[in-house]
Amino acid sequence: MSYNYPEYRDHLNEFAAKLPNGARKGFAALHQGTMKEGVLDVKTKELIALGIAIAIRCDGCIAYHMNAATNAGVTREELDDMIGVAMLMGGGPSMVYGAQAIEAFEQYQAQK
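Numbering of the sequence shown is given in our numbering, commencing with residue 35 and proceeding in unit increments.
What follows is the structure in structure tokens.
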């Protein structure tokens, strides 16, 4: 399945706003606390999140974290290297999701 990842992210945001307020706010706080600059920079954290998204086959995770990764300055070369690790950890299906991550990267880069 092919997505327009920026539109898909917006669509997910629309429905995520309908999730129970307490759970949504709690997860948002966890996300903000985890993904902020720390010992690891934001770009590295987003590459980790994307690798996990590819390995667990999460389309929505790719949509969200590719947006954040491109905003953090991830390069195509860094993305390609990370996809190799994700494929190692996730097996054959991660090749498909790695290709989807490249598609998402190209869509977000085109928006810059």
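Every residue gets a Cβ at the ideal spot worked out from N, C-alpha and C, and that includes glycine.
Return the first residue and the last residue of the alpha helix (DSSP H) that residue 59 is part of.
Where residue 59 is concerned, the enclosing alpha helix (DSSP H) stretches over 55-69.
On the three-state DSSP scale, how would you describe residue 128?
Helix.
By Cβ distance below 7 Å, which residues in the same chain neighbour residue 117 in space, the five residues on each side in sequence not counted?
Contacts found: 88, 132, 135.
Specify the secondary structure class of residue 6 as computed by DSSP and reduced to three states.
No answer is possible for residue 6: the residues shown for the chain start at 35 and end at 146.
Rounded to whole angstroms, how far is the Cβ of residue 108 from the Cβ of residue 77, which I believe are closer than 8 Å?
Correct: roughly 6 Å between the Cβ atoms.
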